[in-house]
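Each step along the sequence shown adds one to the number in the numbering used here, with nothing skipped, and position 44 is 518.
Note that the Cβ used here is the ideal one computed from N, Cα and C, for glycine as well.
Values in this document were obtained by computation on a predicted structure and should not be read as measured data.
Written below as C-alpha cells is the structure these notes are about.
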Amino acid sequence: MKNTAISFLDTPIGKLKIIGDEEAVKLVSFVDDEEERSTDGAVPIVVRNCKFQLKEYFEGKRKEFDLPLAPDGTEFQKEVWDELMEIPFGKTSTYAKQAIKLGDLKKIRAVGTANGKNPIAIIIPCHRIIGTDGSLTGYAGGLHRKEWLLKHEHSIPGFNQLKLFG
C-alpha cells in the first residue's frame, strides 16, 4: 500500500481504528488503545472521507457509505462481505439467509466465520446479522456494540420496524 495511513475516530461506542491509502479503506475496527497515528497532513482523502462519513452515520445523518473498500480476505470471504453490503440500513438478516443466497445452506458455518473476519466494521454491515430465532449473535466488536448499532439504525426517522430482536 502506498501512503498507508492509520487514523482514529471516537464514537459513542468506542474508538475506531481506520487504515487506508490513496485508493481504498482497508480496515475499520474497534480498538481499546490508540496506537501511533499518521499526521493529519499525511492522511489520504479516502481515510478522511471515511472518518467524515462514519461521523455522519453516528450523528444519524448517513444511511449509506460511498467509499472505495479493499478488505483483505479470501474469495469466499469477499463474496460473503459483498452479500452483507446488500442488507439495507435498518434491516437485519441471518447466517442461514446469507448461506442460501450464496447457493448452499450447508455453508452456514463458513458464512459465520467469514462474517467474524470482516475487517471493515459498520461500513460492511456484519452487525446486521442476527440469529435465525431473532437473537443477537456474535460480533467481533462485542455484542453491546452490535446491539447499539442496530438500535441506532432503528432510531433514525423513517424506520418503523416493529421488532428489532425476537
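Going by beta carbons, I594 and V499 fall inside the 8 Å limit. Distance from the CA atom of I492 to the CA atom of N523, rounded to whole angstroms, is 11 Å. Shortest Cα-Cα distance from N477 to any of V517, L483, L490, E530 involves V517. Exclusion of the five residues before and after K581 leaves A573 as the residues of its chain whose Cβ lies within less than 7 Å of its Cβ. By the Cβ neighbour-count rule, S609 is exposed, with fewer than 16 other Cβ atoms within 10 Å of its own.
With 16 or more other Cβ atoms from the protein chains shown falling within 10 Å of its own Cβ, L623 counts as buried.
8 Å or more divides the Cβ of S481 from the Cβ of K535.
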